[in-house]
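Using the UniProt record's numbering, read the sequence shown as starting at 1 and increasing by one per residue. The C-beta atom is built at its ideal place from N, Cα and C for all residues, glycine as well. This one's a predicted model, so the numbers in the text were calculated from it and none came from an experiment.
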Amino acid sequence: MNNAGLQHVPVLITQSQQTADLAHALPRQKIADLLDFTEDPDSWQTKINYYLDLNTHLSAESYISPTPAYFQFRLPWWKRGIDIAVSLSALLVLSPLLLVVAVLIRLDSKGPILYKSARAGTNFRVFNMYKFRTMKAMADRLIKDLKYHNIYAKSSEQSNIEVNGQDYRCEQCQLLQISCRQPLVEENQTVCEKKYLTDSEGAAKFMKFRNDPRITRLGTFLRNSSIDELPQLLNILFGDMSLVGNRPLPLYEAEKLTTDASAQRFAGPAGLTGLWQVKKRAKGEGPVTDSERIALDIEYASTFSFKTDMYIIWQTLFSVWQKENV
């Protein structure tokens, strides 16, 4: 596709029987996706809508696959200017508080002062997000043991997703005797993304725990007051994220949102506070569901503006001391 006006148009092809040669040719020929005659018509519609609904903030240089790795969102100059001014000023003003908190963390429990977590942000770019440490050392190793306490999980049965030691490939790839194009890795085991998503359908996409035993004594206060989030001002200053935007996700959450329209949440700013947090708080509602959170993330990525950002910042200032219930 050499025409400059068409180079950003995603190409989808229909086929009745996939072959190994066809599967290997997709990236080379810059084919975005396959529409299989054997698939449910709703699946076709979902795929087509995904490409039609890519918002105006999104410009892709190529469509090798429908993953957010190819999103090319660029932060507007006005938004980046606000981020630099606010984050730098806040770091200077809050430096005495940051120093006191650092000392208290050191006295409260063993471990580093800052916690670094790999997060997927804008354009699915992975970066280290900083927080004051609120958990015991090596807390991430306990994540699977706590899955039954996840407030986003509908039931313990739906959360019990395990990867077995059998052939990781999906049935289609086994039939074609090829490697899956999008393998995932969990606990040093490889599993086909299609198979993983099929097996885990209905499981919670986000993780958040009540009465988390990993949290330190000081950590409870830091979390309730949102002070633990203050080191993210460094991420904002460095350009990893914005003051307002969709929350950067841990990789184990982000990988569940990469194969359907949910991926559009990554085609906008990643931020410290966002639309779904303030909307739920403003209404005084209970915990946000997966679908509500994703819908609000996509809404923000598609429609954010200076006015929207000012509204979110204003609402955040009034709710920063409120106990987290969303």
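Is it buried or exposed for residue i, if we count other Cβ within 10 angstroms and need 16 for buried?
i           : result
residue 87  : buried
residue 101 : buried
residue 110 : exposed
residue 318 : exposed
residue 275 : buried
residue 267 : buried
residue 112 : exposed
residue 254 : buried
residue 223 : buried
residue 244 : buried
residue 270 : buried
residue 288 : buried
residue 293 : buried
residue 74  : exposed
residue 81  : exposed
residue 14  : exposed
Would you please state the rounded distance, in angstroms, between the beta carbons of residue i and residue j? I believe it to be under 8 Å.
i           : j           : result
residue 248 : residue 119 : 4 Å
residue 301 : residue 246 : 6 Å
residue 215 : residue 132 : That belief does not hold up - the Cβ atoms of residue 215 and residue 132 are roughly 12 Å apart, past 8 Å.
residue 219 : residue 135 : 6 Å
When you compare the CB positions of residue i and residue j, do they come within less than 8 Å of one another, or not?
i           : j           : result
residue 279 : residue 296 : yes
residue 250 : residue 117 : yes
residue 130 : residue 277 : no
residue 217 : residue 108 : yes
residue 316 : residue 273 : yes
residue 72  : residue 128 : no
residue 98  : residue 230 : yes
Would residue i count as contacting chain C if we go by Cβ distances under 8 Å?
i           : result
residue 262 : Among the protein chains of the structure shown there is no chain C, as only one such chain exists.
Okay, do the stretch 254–267 and the stretch 225–240 touch, 3+ Cβ pairs below 8 Å being the bar?
no
Run through the stretch 235–283 for me and flag every whole beta strand (DSSP E) of 3 or more residues, listed as ranges in chain order.
242–244 and 271–273
Complete runs of the beta strand (DSSP E) confined to the stretch 84–126 [at least 3 residues]
114–120
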